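Below is one structure, written out as structure tokens; comments come after it.
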Amino acid sequence: MSSQNIQLNLSAIQKKFGHQTILRNVDLSLSGGQCKLLCGENGAGKTTLLRIAAGLEKPDNGYVNTGLGKVSWKFCRKTLQEKIVYLHQQPYMLDGTVMYNLKFSARDKQKDRRKAAIEKAMAWAGLETLASRNAKTLSGGEKQRVAIARAWLRNPLVMLLDEPTANMDTDARRRTLELMFQLKEQGLALLIATHDPMQFKKLSDACLILNNGEIKTDIDVEYTEGPVVSIHQHQVK
Amino acid sequence: MSNSSSAITDAFSLLVSGDAELWNIIGISFQVSTTAIALSIIPALVVAFLLAYIKFPGRRFLVSFFSTLLSVPAVVVGLTLYLVLSRHGLLGEWRLLFTQTAMVLGQMALSFPILVAMGHAALQSSDKRAWETARTLGAGVFKTIYIVLREVRFGLFAALLAAYGRILAEVGASMMLGGNILHHTRNIPTAIALETSKGDFAQGIALGMVLLMLAFTLNYLLHYFQGKEGLVE
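Note that the protein sequences, when read in sequence, are chains A and B.
Per this note's numbering, residue 9 is the first one in the first sequence, and the count goes up by one each step.
Per this note's numbering, residue 144 is the first one in the second sequence, and the count goes up by one each step.
In structure tokens:
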């Protein structure tokens, strides 16, 4: 992957909450069309790292950029929020219909093109039958699809997903994974925080283990059956 | 009993017949209270938003301060403003005492802490993901604020109702600052107090019915819109 294709670069990121160090010295880079998994135990700092990458949390130290070099946090945050979309573990639906949620992130100023983009996003995510439903009343899987379609409409370079398939049934998980495969094929960079890397085995290119505030490994995925802790132990040994 | 019945009958007659004096009092009441709310709502929402979303030194003190102001009696607010606006007061030169402007100021002082405290409570309980989602979807600060306010609109509407109800029905500040001057500063509560003290219950009951009807209508509207959006049965 060429360096010009790097869409997100985090270097020497540090973050403390009170006296507790969450992130010690984290480096991470992500290129277009690449999918990396971010694994680790509860409280390891996965969500914090994603939030920093999305420009929602300020790091105590270190740099986050999208290939612009060393820039101020204020400018960097603006750039991050323009190019990167962060999806919460439980996606938040704006108060209104599914159509309203999609309209919110459609950017094109020309009405016809905006409408066409929304229709395309609905068809892509299989949301046509849900268009007039109140988004807050959807199931977890449906909300995740709306959130992905809503994010996709923004035409981002990077998508950060926090446990995107948590608490989903098999069918909902399959449909969400299908969308993520398509995002990757379209050249988006994906960073997925998860407890269960096996689910994303075919999708991901690398698995990063976040432990004790540091990324212990950034390698090609060596999946093993079982929980993520066994992978971590395997790598550390 | 017969006196009460005839007073209620007379009250209905007054309302239906379009009694000029009665409707003038009602007009003054709504004019003053609506102006006070209209002038308070934006600054109160800004303060409530800052208290809920921005961390700064003294924030907790301010939240407690506005909550404390909720329990200050209207007559104390009236007395304080009376001292400020009276001839030898800080703003005595403005000659505002016994004018509708003075009543508006008094009612603003009463409604502001209600709007701040209840608005802050509504915003505080809002899901913080609303802000983050709007931002990460590329919304600017003002659009994001709009989204958050929209998310808590029923809580804010309830705050508005509570504040409007409080100032429309308060006697103390209006009596002290307005002076209860007929056709000028006499509003519904000061008229009720005066007419009742004179033994003329019909006008008092008629005005009381107007207040009750207003309270019912506003509450009905709140529940109607909540029901329409599927938030209540």
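Glycine included, each C-beta is placed from N, C-alpha and C at the ideal position.
In this text the structure is predicted, and so the values were computed from the model without any measurement.
Could you confirm whether any beta carbon from chain A is found closer than 7 Å to the beta carbon of residue i?
i: residue 370 of chain B; result: no
i: residue 342 of chain B; result: no
i: residue 280 of chain B; result: yes
i: residue 272 of chain B; result: yes
i: residue 242 of chain B; result: no
i: residue 315 of chain B; result: no
i: residue 198 of chain B; result: no
i: residue 366 of chain B; result: no
i: residue 375 of chain B; result: Low local confidence applies: a pLDDT of 48 at residue 375 of chain B is under 50, so the model's placement there is unreliable, and no value is given.
Consider the Cβ of residue i: report whether some Cβ of chain B lies at a distance smaller than 7 Å.
i: residue 93 of chain A; result: yes
i: residue 121 of chain A; result: no
i: residue 140 of chain A; result: no
i: residue 64 of chain A; result: yes
i: residue 16 of chain A; result: no
i: residue 147 of chain A; result: no
i: residue 153 of chain A; result: no
i: residue 181 of chain A; result: no
i: residue 68 of chain A; result: no
i: residue 103 of chain A; result: yes
i: residue 42 of chain A; result: no
i: residue 89 of chain A; result: yes
i: residue 162 of chain A; result: yes
i: residue 100 of chain A; result: yes
Compute the distance between the beta-carbons of residue i and residue j, then report whether it is under 7 Å.
i: residue 330 of chain B; j: residue 172 of chain B; result: yes
i: residue 179 of chain B; j: residue 310 of chain B; result: yes
i: residue 333 of chain B; j: residue 318 of chain B; result: yes
i: residue 62 of chain A; j: residue 223 of chain B; result: no
i: residue 267 of chain B; j: residue 195 of chain B; result: yes
i: residue 228 of chain B; j: residue 212 of chain B; result: no
i: residue 176 of chain A; j: residue 149 of chain A; result: yes
i: residue 353 of chain B; j: residue 184 of chain B; result: no
i: residue 162 of chain A; j: residue 281 of chain B; result: yes
i: residue 344 of chain B; j: residue 217 of chain B; result: no
i: residue 48 of chain A; j: residue 220 of chain A; result: no
i: residue 259 of chain B; j: residue 191 of chain B; result: yes
i: residue 106 of chain A; j: residue 129 of chain A; result: no
i: residue 143 of chain A; j: residue 125 of chain A; result: no
i: residue 92 of chain A; j: residue 164 of chain A; result: yes
i: residue 185 of chain A; j: residue 192 of chain A; result: no
i: residue 338 of chain B; j: residue 351 of chain B; result: no
i: residue 69 of chain A; j: residue 22 of chain A; result: yes
i: residue 42 of chain A; j: residue 213 of chain A; result: yes
i: residue 58 of chain A; j: residue 174 of chain A; result: no
i: residue 44 of chain A; j: residue 169 of chain A; result: no
i: residue 294 of chain B; j: residue 116 of chain A; result: no
i: residue 180 of chain A; j: residue 99 of chain A; result: no
i: residue 312 of chain B; j: residue 221 of chain B; result: no
i: residue 291 of chain B; j: residue 273 of chain B; result: yes
i: residue 176 of chain B; j: residue 250 of chain B; result: yes
i: residue 233 of chain B; j: residue 300 of chain B; result: no
i: residue 13 of chain A; j: residue 53 of chain A; result: no
Rounded to whole angstroms, how far is the Cβ of residue i from the Cβ of residue j, which I believe are closer than 8 Å?
i: residue 245 of chain B; j: residue 321 of chain B; result: 6 Å
i: residue 336 of chain B; j: residue 158 of chain B; result: In fact, because the Cβ distance is near 19 Å, the residues do not count as touching under 8 Å.
i: residue 34 of chain A; j: residue 18 of chain A; result: 6 Å
i: residue 263 of chain B; j: residue 206 of chain B; result: 6 Å
Legend entry - Contact residues within the segment 326-342 of chain B, judged by C-beta distance below 7 Å to chain A: Hits within the stretch: zero.
Inset, instruction - Give, in chain order, every unbroken run of the alpha helix (DSSP H) that is at least 4 residues long and sits entirely within the segment 308-345 of chain B. - result: 315-321, 331-341
Inset, instruction - Quick one: which residues of the segment 167-179 of chain B get their C-beta closer than 7 Å to a C-beta of chain A? List them in chain order. - result: none
Inset, instruction - Could you name the residues of the segment 191-222 of chain A whose beta carbon sits closer than 8 Å to any beta carbon of chain B, in the order they occur along the chain? - result: For the segment 191-222 of chain A, the set of positions with a beta-carbon nearer than 8 Å to some beta-carbon of chain B is empty.
Inset, instruction - For the segment 251-277 of chain B, enumerate the residues whose C-beta is nearer than 7 Å to any C-beta of chain A, in chain order. - result: 270, 272, 273, 275, 276
Inset, instruction - Scan the segment 291-316 of chain B for residues whose Cβ lies nearer than 9 Å to a Cβ of chain A and list them as they occur along the chain. - result: 293, 294, 296
Legend entry - Length at least 3, wholly inside the segment 144-188 of chain A: the beta strand (DSSP E) runs in chain order: 166-170
Legend entry - Near-chain B residues of the segment 105-139 of chain A - C-beta to any C-beta below 8 Å: 112, 113, 115
Inset, instruction - Compile a chain-ordered list of the residues in the segment 22-46 of chain A whose CB is closer than 8 Å to at least one CB of chain B. - result: Answer set for the segment 22-46 of chain A: empty.
Legend entry - Segments of 4+ residues assigned as alpha helix (DSSP H) that fall wholly inside the segment 188-231 of chain B: 202-212, 217-228
Legend entry - Length at least 3, wholly inside the segment 24-73 of chain A: the beta strand (DSSP E) runs in chain order: As far as the segment 24-73 of chain A is concerned, its whole beta strand (DSSP E) runs of at least 3 residues are 28-39, 43-47, 69-73.
Legend entry - Whole runs of the alpha helix (DSSP H) within the segment 227-307 of chain B, excluding any shorter than 4 residues: 243-267, 272-279, 284-294
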